[in-house]
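Below: one structure, written as structure tokens.
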Amino acid sequence: MKTFTIALLLAIAGFSARAQQSTDMAMNRDKIIPQRTRIAVRVLDKYTLQPIQATIMVVGQRPEDLVVPIYEDGIYQFKMSARDMGVISIHANGYQTLSEVIAARSLRPTKIFYLTPIENGNSGKTAAVATSELDLKEEIETILLFTQSEPDLLPESNYELEILADYLVRNTAPRIELSGHTDDVGDPRKNLLLSFDRVDEVKKYLVSRRIENTRIRGKAFGSGLPVAPNDCEANRRLNRRVEIRIVP
């Protein structure tokens, strides 16, 4: 009887310990802080592609989640939950205010926003018309994203390519360098050909806008130079790209 009582007490003690462990694990799960993603933003004049000093506010899904990005070296940076969505509002003197819904998981490492100058009431023209005489002070770099396994641009990249083409039409001096890339899904040889097709797609669009073929250089790298690990769809999306450099 004594042995049975001791065994029963030990069993109860073991059950209590496991129950306490489960409770502690549940409490720890409740205390897990959502992963924060660092977001980098550049703000450029839509016509000159020059950096703009702006006031940026980001409001998350909860009204109290108001974030004011930190400005450093021409880039605005802030953090938001990897699963969060929000509204970014950009204000700058002489430009139309821009507001846009953003989702952290779908943003590229550096997101570029283009502001449109406000029309001058006296002349009816925008504040940045004389772009044909503008000297580009530094290289401009941007990234165009593509659909999976295809040389088709994502809608957001179509808009960005149009802006770059408009600039290159007005400014005939800068050269254009294109670098094509893919994710690592599939045959590496086919990926190399796909990255070339993506470069060719961008080049054909620029030539259709009467940008001289001699100003454009292109290279294809396949999946050899990823900008993010190919460990999830969000990262693979960033690797399906054409990088554009506009060189003075």
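Numbering-wise, the sequence shown is residues -19 to -1, 1 to 229 according to mature numbering (1 follows the signal peptide of the UniProt record, and there is no 0).
C-beta: ideal position from N, C-alpha, C; glycine also.
Please report the residue range of the alpha helix (DSSP H) in which residue i lies.
i: Arg218; result: 214 to 220
i: Ile144; result: 136 to 151
i: Leu187; result: 169 to 189
For residue i, which of the options has the nearest alpha-carbon?
i: Gln31; options: Asn211, Leu79, Ile121, Ile69; result: Ile121
i: Ile37; options: Lys27, Ala85, Arg23; result: Arg23
i: residue 230; options: Arg156, Pro98, Met61, His162; result: Because the chain spans -19 through 229 in this model, residue 230 falls outside it and cannot be assessed.
i: Asn139; options: Glu131, Gln129, Tyr186; result: Tyr186
i: Gly203; options: Asp168, Arg86, Ser80, Pro50; result: Asp168
i: Leu79; options: Phe94, Arg226, Arg190; result: Phe94
i: Pro207; options: Val48, Ile51, Val166, Glu100; result: Val166
i: Glu205; options: Lys171, Arg226, Arg190; result: Sequence check: residue 205 is Gly here, not Glu. Comparing Cα-Cα distances from Gly205 to each of Lys171, Arg226, Arg190, the minimum goes to Lys171.
i: Pro98; options: Ile51, Ala35, Arg43; result: Ala35
i: Asp147; options: Thr128, Arg190, Gln129; result: Arg190
State buried or exposed for residue i, treating a residue as buried only when at least 16 other CB atoms are found within 10 Å of its CB.
i: Leu142; result: buried
i: residue 242; result: The chain is shown from -19 up to 229; residue 242 falls before or after that span and cannot be answered.
i: Leu145; result: buried
i: residue 232; result: Because the chain is modelled from -19 through 229, residue 232 falls outside the range shown and cannot be assessed.
i: Ile71; result: buried
i: Asp164; result: buried
i: Arg10; result: Residue confidence is low: Arg10 scores 47 on pLDDT, short of 50, so the model does not pin down where it sits. No coordinate-derived value is stated.
Grab me the residues of residue i's own chain with a C-beta within less than 7 Å of its C-beta, minus the 5 sequence neighbours each way, in chain order.
i: Ala209; result: Asn216, Leu219, Asn220
i: Val82; result: Met66, Val68
i: Ala84; result: Met66
i: Arg196; result: Arg156, Ile157
i: Val228; result: Glu120, Pro155, Arg156, Glu158
i: Ile124; result: Arg89, Arg222, Glu224
i: Ala201; result: Gly161, Leu173, Ser176, Phe177, Val180
i: Glu182; result: Pro132
i: Lys184; result: Leu159, Ile197, Gly199
i: Arg86; result: Ala63, Arg64, Ala215
Could you spell out where the beta strand (DSSP E) holding residue i opens and where it closes?
i: Arg198; result: 197 to 201
i: Ser160; result: 156 to 161
i: Leu125; result: 121 to 126
Below 8 Å CB to CB, which residues in the same chain sit around residue i once its five sequence neighbours on both sides are set aside?
i: residue 291; result: The structure shown has nothing for residue 291, since the chain only spans -19 to 229.
i: Asp212; result: none
i: Ile33; result: Val24, Leu25, Asp26, Ala73, Tyr76, Leu96
i: Ile14; result: Because Ile14 carries a pLDDT of 42, less than 50, the predicted location of this residue cannot be relied on, and no value is offered for it.
i: Ser130; result: Val166, Gly167, Leu175
i: Glu137; result: Leu126
Identify, in the order they occur along the chain, each residue of the same chain with its Cβ nearer than 6 Å to the Cβ of residue i, setting aside the five sequence neighbours on each side.
i: Leu135; result: Leu126
i: Ile192; result: Leu149
i: Asn194; result: Val188
i: Leu47; result: Val40
i: Ile51; result: Gln58
Inside the region 24 to 112 only - beta strand (DSSP E) runs reaching at least 3 residues: 36 to 40, 51 to 53, 56 to 62, 66 to 72, 79 to 84, 91 to 96
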